[in-house]
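Below: one structure, written as structure tokens.
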Amino acid sequence: MTSPFLNPDKPSSQDTDREKPATLDLNHGDQTQTAAANMLAEVQAVSATTRAHFAENKALRDSEPKQYNHDGFLGALVENAGYSGIQQTTRSLAQWSDLATGGKLADRVNLVARPLAAEYKSSEWYGEQFGGAVGKIAPFLAAFAVTRGVAAKIGVNAALEGESGAVFTRANAILTGQAAVAGFGSEAIFTPNEKNNQSLPAMATERLKNGAIGALDMASITAGSLSLKALGTAAAEDMPLASAMLRNGGVSAAISGYPTGMLSAEAHSRLFEDRASTAAEREQSALGMAAVGFGLGALQGRATETAESRSGSNLPGIKDVLQVKAENTMQHIDNFASSLGSFDGLIGGGNRLAYAQAGAQFGRVPLRSMAMESTLRDLNSNVMFRDGDKAAGNADGGKTSAEKSSSRRSSDRSSEKENTTDSGKGTPLKKALTDLHLGDVADFVARDKVLKNQTVVRSLGEGNDSPAVLELAPSKAFPEGGALKVTIAEGGWQKDWGTRPFDAKMLSKVHDVELSGSNFNGSAAVYVQELVDTQPRYAQDLVDNFFAKVQQSGLEFGDGGPEIMKQVGISRKTGDLVLIDLPSIDQAGAHETLRTIIEGHEGVEEAYEKENKAIRDGNHEPEKPDFEQIIDVDREAHSQQALREGQFTAHEQELLSQLKEGISPREVLEFAALLEGKLTPKGMPDTKAVKNQFDAMVRRAQKAGVLDKPGKQSKASAGNDASDFGSESDFADNDY
0 MTSPFLNPDK
10 PSSQDTDREK
20 PATLDLNHGD
30 QTQTAAANML
40 AEVQAVSATT
50 RAHFAENKAL
60 RDSEPKQYNH
70 DGFLGALVEN
80 AGYSGIQQTT
90 RSLAQWSDLA
100 TGGKLADRVN
110 LVARPLAAEY
120 KSSEWYGEQF
130 GGAVGKIAPF
140 LAAFAVTRGV
150 AAKIGVNAAL
160 EGESGAVFTR
170 ANAILTGQAA
180 VAGFGSEAIF
190 TPNEKNNQSL
200 PAMATERLKN
210 GAIGALDMAS
220 ITAGSLSLKA
230 LGTAAAEDMP
240 LASAMLRNGG
250 VSAAISGYPT
260 GMLSAEAHSR
270 LFEDRASTAA
280 EREQSALGMA
290 AVGFGLGALQ
300 GRATETAESR
310 SGSNLPGIKD
320 VLQVKAENTM
330 QHIDNFASSL
340 GSFDGLIGGG
350 NRLAYAQAGA
360 QFGRVPLRSM
370 AMESTLRDLN
380 SNVMFRDGDK
390 AAGNADGGKT
400 SAEKSSSRRS
410 SDRSSEKENT
420 TDSGKGTPLK
430 KALTDLHLGD
440 VADFVARDKV
450 LKNQTVVRSL
460 GEGNDSPAVL
470 ELAPSKAFPE
480 GGALKVTIAE
490 GGWQKDWGTR
500 PFDAKMLSKV
510 HDVELSGSNF
520 NGSAAVYVQE
530 LVDTQPRYAQ
540 DLVDNFFAKV
550 QQSGLEFGDG
560 GPEIMKQVGI
570 SRKTGDLVLI
580 DLPSIDQAGA
590 HETLRTIIEG
600 HEGVEEAYEK
610 ENKAIRDGNH
620 EPEKPDFEQI
630 IDVDREAHSQ
640 QALREGQFTA
650 HEQELLSQLK
660 EGISPREVLE
670 FAALLEGKLT
680 PKGMPDTKAV
690 KNQFDAMVRR
700 AQKAGVLDKP
710 GKQSKASAGN
720 DASDFGSESD
730 FADNDY
């Protein structure tokens with residue numbers, strides 16, 4: 000039976016039937032007839048009143064014009080951003096307060112009026128979508144600032160570490176996990192319930208659903224953005240314009256946000272209404288999440304630009320800024336033209352370099368590995384520091400020679416940008432360093448009896464870890480000139496660098512300078528290297544002689560970078576091809592991650608199978624016990640006791656335990672930065688910010704007996720080839 004209240008404009012069949020006297024049973028006497036007549040009259044009266052009421056309301060609604068927002072795109076954007084970011088956030092917090100106090104504060108919150116709806120696909124409609132998304136950025140940033148340390152405590156970081164691979168590194172897996180936790184917190188805390196004054200179970204259920212969708216959204220945007228940046232880097236040689244766009248944080252995050260928004264709309268409809276989302280809902284959510292991604296990426300890029308443009312505590316003048324921008328623009332044009340030559344040298348005829356894996360034939364670098372990087376942190380680095388150029392190649396191949404970490408090598412490879420301004424008469428070295436805001440290094444140079452008399456001809460470039468590479472004029476100390484480098488060594492300095500038969504010659508010893516200024520942190524390695532000449536391609540005999548020396552040393556060329564021609568150069572003194580980028584040649588297997596990226600898992604498996612076959616046939620060389628170690632039980636027990644009873648925080652105990660387990664100091668330093676919440680503007684672990692604190696912790700641990708002091712060996716392992724984990728090469732100052 001249909002209720003008459005569902006359609007008051009049309010009498011129901013029931014009402015029609017009751018108006019017919021023949022349908023009433025009047026055979027039970029006058030009393031029954033009277034009751035039936037009264038009931039019929041009452042029903043007819045209610046039906047008539049209801050129909051009149053609905054008809055009146057319908058006529059009133061039809062007579063009123065539809066109210067749309069006509070404030071334009073910008074007006075709608077501002078209104079909706081204010082409503083989403085202020086009103087909705089405040090109302091959400093008020094709901095939490097009401098739940099705790101039993102009050103009704105949320106009903107009285109009215110800081111920003113709800114904007115009028117916008118006509119579909121109008122300019123106001125687009126402003127509505129983008130404005131609502133912009134309003135969510137501030138709550139998310141607040142949630143990220145509060146929750147970025149929570150991921151480690153609840154086990155998200157540890158869970159994601161095992162999922163990291165050759166491309167998606169541990170640092171970026173942790174970053175994605177932190178974004179997911181922040182997304183959950185932002186939606187669960189700052190997004191209000193539909194109704195105020197709900198019970199705790201109802202409110203918690205709705206908030207948990209919002210949080211789950213928020214975690215999905217932010218993890219998807221973060222992972223998608225990192226993947227797009229990786230794709231952009233891989234396409235750097237073939238599609239430079241598309242590559243630059245994809246490596247832009249705002250663009251990559253916006254592209255990632257669009258499909259994320261569609262997924263978010265579907266999840267919301269399924270969780271809250273148990274239905275599929277409509278096309279309009281998916282479109283609206285996609286635009287909103289694209290705006291969120293673009294906003295977060297743009298803010299990140301702006302922070303980086305601001306950090307790079309500041310010098311000390313003063314902003315440069317407008318004239319200086321314009322001059323720098325113009326020089327950078329011209330430099331990029333020159334770099335692009337220069338890169339075409341080196342690319343041709345890589346894929347051209349017989350004169351080409353190759354990744355020379357141990358025991359492999361010298362061959363062509365696989366084309367797909369040309370611009371591949373070994374970690375996503377490098378893929379995320381600023382494109383401004385990736386430019387190879389002729390002058391930088393003359394000095395150091397675009398790579399600081401004090402770097403050890405493979406995760407930093409590929410970002411700095413051929414990355415130093417040339418300042419082509421020749422100073423003519425030259426500039427005193429101290430003044431040049433002061434102008435580069437390296438006051439501590441300038442003070443050291445002023446005290447050094449050799450360096451204080453040197454003159455700078457020109458700047459040869461700078462890199463992420465090398466704030467100064469300066470060409471020195473010929474002098475009594477350096478008759479043929481040289482390249483002075485100032486490197487903030489994150490990876491650690493290897494003592495044999497510069498002494499191997501294929502290395503460029505070191506013209507001075509390496510000086511360790513502590514940096515205490517506001518611009519740079521940690522320790523800097525200051526040294527002078529011979530000048531070399533780089534070419535788009537080299538004679539085959541030079542290449543063969545170079546790699547013969549590498550093979551004789553038992554090493555491999557494992558970290559080539561995108562501009563391999565500028566990692567080597569022809570020595571002006573000997574005429575031989577020498578290595579400028581010292582960390583790119585290392586022990587076999589040290590670049591296993593990069594090797595996997597270049598050759599694929601099939602190539603690595605093929606190498607393993609070849610080694611196993613040699614073992615089965617008895618043609619293999621016995622492995623050297625380089626990693627064998629006899630543990631002194633008493634000393635280890637003392638070390639564990641010192642770790643428990645020493646004055647170390649929980650975080651420090653975790654870091655020291657990792658060092659004792661054999662994890663590299665570089666990886667532990669990255670983990671320390673994540674624990675402290677120290678991130679670069681690009682969202683990567685800021686190891687420079689925690690390095691001094693990390694150094695101090697290691698020294699305290701060595702003093703307490705938790706770690707061995709530099710150079711100390713276990714008595715039980717004395718006479719073995721391998722030193723203890725506390726050897727000087729592992730824990731000496733500046734070896735991180």
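Residue numbers are given in numbering that gives the first Met the number 0: position 327 of the sequence shown equals residue 326, and the series is strictly consecutive.
The beta-carbon is built from N, C-alpha and C at its ideal position, and this holds for glycine as well.
Bear in mind the structure is a predicted one, so any value in this text is a computation, not a measurement.
State the Cα-Cα distance for the pair residue i and residue j, rounded to the nearest angstrom.
| i | j | result |
| --- | --- | --- |
| residue 135 | residue 223 | 19 angstroms |
| residue 692 | residue 641 | 19 angstroms |
| residue 121 | residue 220 | 27 angstroms |
| residue 670 | residue 499 | 32 angstroms |
| residue 638 | residue 653 | 14 angstroms |
| residue 104 | residue 93 | 6 angstroms |
| residue 199 | residue 208 | 14 angstroms |
| residue 690 | residue 605 | 40 angstroms |
| residue 263 | residue 216 | 6 angstroms |
| residue 535 | residue 288 | 45 angstroms |
| residue 707 | residue 675 | 25 angstroms |
| residue 259 | residue 142 | 20 angstroms |
| residue 457 | residue 213 | 52 angstroms |
| residue 528 | residue 572 | 12 angstroms |
| residue 668 | residue 77 | 43 angstroms |
| residue 451 | residue 477 | 13 angstroms |
| residue 449 | residue 469 | 16 angstroms |
| residue 443 | residue 486 | 14 angstroms |
| residue 634 | residue 696 | 20 angstroms |
| residue 186 | residue 206 | 7 angstroms |
| residue 112 | residue 484 | 60 angstroms |
| residue 440 | residue 447 | 10 angstroms |
Check residue i in the structure and name its three-state DSSP category.
| i | result |
| --- | --- |
| residue 440 | helix |
| residue 449 | coil |
| residue 523 | strand |
| residue 570 | strand |
| residue 528 | strand |
| residue 427 | strand |
| residue 454 | strand |
| residue 585 | strand |
| residue 238 | coil |
| residue 543 | helix |
| residue 212 | helix |
| residue 513 | strand |
| residue 391 | Legend: pLDDT at residue 391 = 35, less than 50; position of this residue unreliable, value from coordinates given subsequently. Helix at residue 391. |
| residue 482 | strand |
| residue 460 | strand |
| residue 117 | coil |
Going by C-alpha distance, which of the options is nearest residue i?
| i | options | result |
| --- | --- | --- |
| residue 227 | 242, 237 and 216 | 242 |
| residue 194 | 677, 645 and 97 | 97 |
| residue 254 | 294, 645 and 665 | 294 |
| residue 117 | 267, 125 and 111 | 125 |
| residue 512 | 468, 437, 476 and 472 | 437 |
| residue 525 | 261, 128 and 509 | 509 |
| residue 274 | 265, 533 and 282 | 265 |
| residue 650 | 129, 665 and 673 | 673 |
| residue 580 | 645, 72 and 505 | 505 |
| residue 245 | 137, 225 and 257 | 225 |
| residue 688 | 586, 644, 542 and 515 | 515 |
| residue 435 | 459, 447 and 205 | 459 |
| residue 453 | 644, 576 and 425 | 425 |
| residue 73 | 114, 202, 240 and 550 | 114 |
With a 10 Å radius around its C-beta and 16 neighbouring C-beta atoms as the bar for buried, classify residue i as buried or exposed.
| i | result |
| --- | --- |
| residue 247 | buried |
| residue 79 | buried |
| residue 173 | buried |
| residue 616 | exposed |
| residue 546 | buried |
| residue 466 | buried |
| residue 613 | exposed |
Using beta carbons (cut-off 7 angstroms, strictly below), is residue i in contact with chain B?
| i | result |
| --- | --- |
| residue 533 | In the structure shown, chain B cannot be found, because there is only a single protein chain. |
Practice task
Pick out the complete alpha helix (DSSP H) segments inside the region 615 to 690, 4 residues or longer, and give them in chain order.
Solution key: Complete alpha helix (DSSP H) runs here, min 4: 632 to 644, 649 to 659 and 664 to 674.
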